[in-house]
Amino acid sequence: MQMPQPDATVLDRRARIISRLQEVLPAEAVIHDDRAIRAYECDALTAYRCPPLAAVLPGSTEEVAAIMRICHDEGVPVIPRGSGTGLAGGALPTADSVLLGVARMRDVLEVDYPNRFVRVQTGITNLAVTGAVEGDGFFYAPDPSSQLACAIAGNIAMNSGGAHCLKYGVTTNNLLGVTAVLMDGTVVELGGPHMDAPGLDLLGVICGSEGQLAVVTEAVLRILPKPEGARPVLMAFDSSEVAGACVSDIIKAGVLPVAIEFMDRPCIRACEDFAKAGYPDCEALLIVEVEGSEAEIDEQLGLINQIARRHDPLELREATSEDEAKRIWLGRKSAFGAMGQINDYICLDGTIPVSELPRVLRRTGELAREHGLEVANVFHAGDGNMHPLILFNANKPGDLEIAEALGAEILKLCVEVGGCLTGEHGVGIEKRDLMAVQYGPDDLEAQMRVKDVFDPRWLLNPAKVFPLEASAARRVA
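For what it's worth, the working numbering labels the leading residue of the sequence shown as 615, then goes sequentially.
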C-alpha cells in the first residue's frame, strides 16, 4: 500500500522555514535530514516519539534570538532541549515544531570566587560546572543522578535536585540569574550575581517552568566552598517500612545530613549485580552522609547511628576511608543504569512528607501487586522525593498501559498524603493530565495566565504541563 505524501503546501512551508533558519545559523547547526532528525524525536521518556520539522543547535544568545524571531514570525512551535535526559517527555517534539537544542553552548563565561558565583552557557553539563571550579576548592551543589550528561538548561527548566539537595537545596536555591530569550526573540536579564534583585521574582517563575516561558541561554550559579570532609554510613533493614520510619526519625531529631538515599531489594539486587558495591542482603538500605570537620562528623553520625539502632538494623557500615565511601555510593549512582539492564521501566517522581514514607511504601507495594507488576524503589528519602521504578515489558502488548495506570495511582497517592506530582523531573507530557488531581480549575487558570503573558500564542513547548485539552484551546485562542 502506498503511503500518503505530505501536502505540497506543507512541504513548501517546511522548506521556507529551514531556508530562513539556514540564513542565521551555520549549515551544520540546522538538522532536517530524515535520518539525522531521529536523534531528537524523544527525550529519556522513550515510549513516546515524534520527529520535529527541524532541529537547530545555536551557539549563542544572539543566534537563539534570531531563531525565535523566525519561528514567531512563521507561527512555528519551539521545543527547548538541554541534553535530552528528561524523564517526563518535557522535550518531546511535535511534528510541526522546531526543536532548539543548546548542546553547542557549553562555555564558562565568568568565575568569581570572592562573590561565589559562576556564569555559564546553559548547554554545559551539571558535572562540568563543578569541574570548572573544584581545582580551587569550590563546587556546584545540585547533583542529579544524570549529572554527567544533563545540561544546566534542563536543570533550570525542571528545577532539578539530586542526592545532596537535602542540605543544599534544589536548582532554584542555587540559581542567581539568567539570560533568557522570549518567544518573540526579546532577550531579558533576570536576577544576577547578587543575593536578591528588586521587583517581582521572575527568576523564580522561570526556574521550573519547563521551557514554557523562555529559552534560558546563560545562567549565574551559586558555588560553594568544598566541605572540610564528608562520610557516609550504610544502614540495612529487613523491611522498607522500617527504613522509612528510620528516615522520619532522623529528620524529626533535627539532624541535617547532606543526603539520605533509599534503595529496596529489587534495586539493591540489580545494583549489586551491576556495580559489585558489596551491598548486604536485605529488604531496604539507607545511605546517610554528613559533612564538616572530623569532630562534627563524629557527633552527627553518633546521633544518627543511635537513632538507627532503635530500628534494629541488620547492618550499620560506616565508611573508614575514601575508597569505602566511594563503594557505598557506587551502587546508588549506578541504580538507573543497573535497572535498565534487566527491565524496561518508568521512573516516577512523586514527593511526599517524610513522615508518610512508611505508609506510601506499603501502599505502593499493594498497588504494584494489584496491577501485576513489580516496583523497585530508589529515591532521595531525606526530602521525600520518591522515584518508584515500575518494571514492565515494552514488547508485551498492553504492559506499557498497565504501567502507566499504576504510575497514575502512585502519583495520586502522593497527592493524597499531602505531597505533589513531581519533585525534580517535571510534568512534561507524563503528568499533564494528572495536574487536575493536584490543582483546581482556578489554580490551573492562574498558572496558564502566566504563560499567556510570556507566550501569548502558546508556541513555546506546547502540549506540556497543562491538561492537553486546555493547552489546545489556549493555543487556538
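By construction, the Cβ of each residue, glycine as well, lies at the ideal position given by its N, Cα and C atoms.
I think residue i touches residue j, with their Cβ atoms under 8 Å apart; what is that distance to the nearest whole Å?
i       : j       : result
Thr793  : Glu832  : 4 Å
Ile835  : Val732  : Sequence check: residue 835 is Leu here, not Ile. So it is a contact: roughly 5 Å between Cβ atoms.
Val830  : Ile770  : 5 Å
Cys961  : Leu900  : With 8 Å as the limit, Cys961 and Leu900 do not qualify as a contact, their Cβ atoms being about 20 Å apart.
Ala873  : Leu1003 : Between Leu1003 and Ala873 the Cβ distance is about 19 Å, and since that is not below 8 Å, they are no contact.
Gln684  : Tyr754  : Note that residue 684 is Ile in the sequence shown here, rather than Gln. Ile684 to Tyr754, Cβ: 34 Å. No contact.
Asp878  : Ala850  : No, Asp878 and Ala850 are not in contact; Cβ-Cβ is about 11 Å, not under 8 Å.
Ile693  : Ser711  : 5 Å
Thr1028 : Gly964  : The residue you asked about is not Thr; residue 1028 is Cys in the sequence shown. Yes, Cys1028 and Gly964 are in contact; Cβ-Cβ is about 3 Å, under 8 Å.
Asn740  : Asp721  : About 15 Å; that fails the 8 Å criterion.
Glu688  : Leu639  : Actually they are not in contact, since the Cβ atoms of Glu688 and Leu639 sit about 15 Å apart, beyond 8 Å.
Cys585  : Leu701  : This structure does not reach residue 585, given that the chain is present from 615 up to 1091, and the question cannot be answered.
Pro666  : Asp726  : Actually they are not in contact, since the Cβ atoms of Pro666 and Asp726 sit about 38 Å apart, beyond 8 Å.
Arg1046 : Leu1020 : Not really, about 18 Å apart at Cβ, beyond 8 Å.
Ala1022 : Leu1058 : No, Ala1022 and Leu1058 are not in contact; Cβ-Cβ is about 18 Å, not under 8 Å.
Using the Cα positions of residue i and residue j, report the straight-line distance between them to the nearest angstrom.
i       : j       : result
Val1031 : Ile966  : 7 Å
Glu604  : Asp895  : Here the chain comprises residues numbered 615 to 1091, so residue 604 is not present and cannot be evaluated.
Ile766  : Gly791  : 13 Å
Val643  : Arg983  : One point to set straight first is that residue 643 is Ala, not Val, in the sequence displayed. Rounded to the nearest angstrom, the two C-alpha atoms are 48 Å apart.
His686  : Glu1038 : 29 Å
Cys1034 : Val968  : 13 Å
Gln616  : Asp648  : Low confidence applies here, because Gln616 scores a pLDDT of 49, under 50, leaving its location unreliable; read the following figure in that light. Using only the alpha carbons, I get a separation of about 19 Å.
Lys947  : Val992  : 10 Å
Met797  : Val670  : 15 Å
Met772  : Val904  : 27 Å
Ala949  : Asp657  : 19 Å
Thr744  : Asp937  : 21 Å
Phe1006 : Phe888  : 19 Å
Gly813  : Tyr959  : 44 Å
Ile645  : Tyr662  : 21 Å
Pro1070 : Val902  : 46 Å
Glu988  : Lys890  : 23 Å
Gly945  : Ala622  : 54 Å
Asp926  : Ile681  : 60 Å
Asp626  : Lys1078 : 28 Å
Glu908  : Arg923  : 22 Å
Leu659  : Val747  : 32 Å
Ala857  : Glu929  : 12 Å
Ile1016 : Lys1010 : 11 Å
Val819  : Gly768  : 15 Å
Thr736  : Met719  : 6 Å
What does DSSP give as the partner residues of residue i in its beta bridges?
i       : result
Pro846  : Glu903
Val1064 : None; Val1064 has no bridge partner.
Val1041 : Per DSSP, none; premise fails for Val1041.
Phe950  : For Phe950, which the question treats as bridged, DSSP gives no partner whatsoever.
Pro1034 : This sequence places Cys at residue 1034; Pro is not what is there. Paired residues: Thr965.
Ile561  : What is shown of the chain runs 615 to 1091, which leaves residue 561 out entirely.
Gly715  : Arg695
Asp997  : In DSSP, Asp997 forms no bridge with anything.
Leu1027 : Answer is none; Leu1027 lacks a bridge partner.
Ile874  : Val902
Pro1002 : Asn991
Leu930  : Met849
Val722  : Val734
Q.
Give the list of continuous alpha helix (DSSP H) stretches no shorter than 4 residues that lie fully inside the segment 963 to 993.
A. Complete alpha helix (DSSP H) runs here, min 4: 971 to 985.
Q: Specify whether the segment 708 to 717 and the segment 974 to 994 touch according to this definition: at least 3 beta carbon pairs, one from each stretch, less than 8 Å apart.
A: Too few Cβ pairs lie closer than 8 Å, so no.
Q. Where in the segment 767 to 838 do unbroken runs of the alpha helix (DSSP H), each at least 4 residues long, occur, reported from the N-terminal end onward?
A. Within the segment 767 to 838, the runs of alpha helix (DSSP H) that reach at least 4 residues and sit entirely inside it are, in chain order, 779 to 782 and 816 to 820.
Q. Touching or not, the segment 951 to 958 and the segment 878 to 889, by the rule of three or more beta carbon pairs under 8 Å?
A. In short, these stretches touch, since the Cβ pair count reaches three.
(Q) I'd like the ranges of any alpha helix (DSSP H) spanning at least 4 consecutive residues and lying wholly in the segment 630 to 702. (A) Within the segment 630 to 702, the alpha helix (DSSP H) runs of at least 4 residues that lie entirely inside it are, in chain order, 675 to 688.
Q) Any chance the segment 1040 to 1047 sits against the segment 1057 to 1065, with 3 or more Cβ pairs inside 8 Å? A) In the pairwise beta carbon analysis, the segment 1040 to 1047 is classified as not touching the segment 1057 to 1065: fewer than three pairs are separated by under 8 Å.
Q) In the segment 724 to 755, which residue ranges form an unbroken beta strand (DSSP E) of at least 3 residues, counting only runs that do not cross its ends? A) Runs found: 731 to 735.
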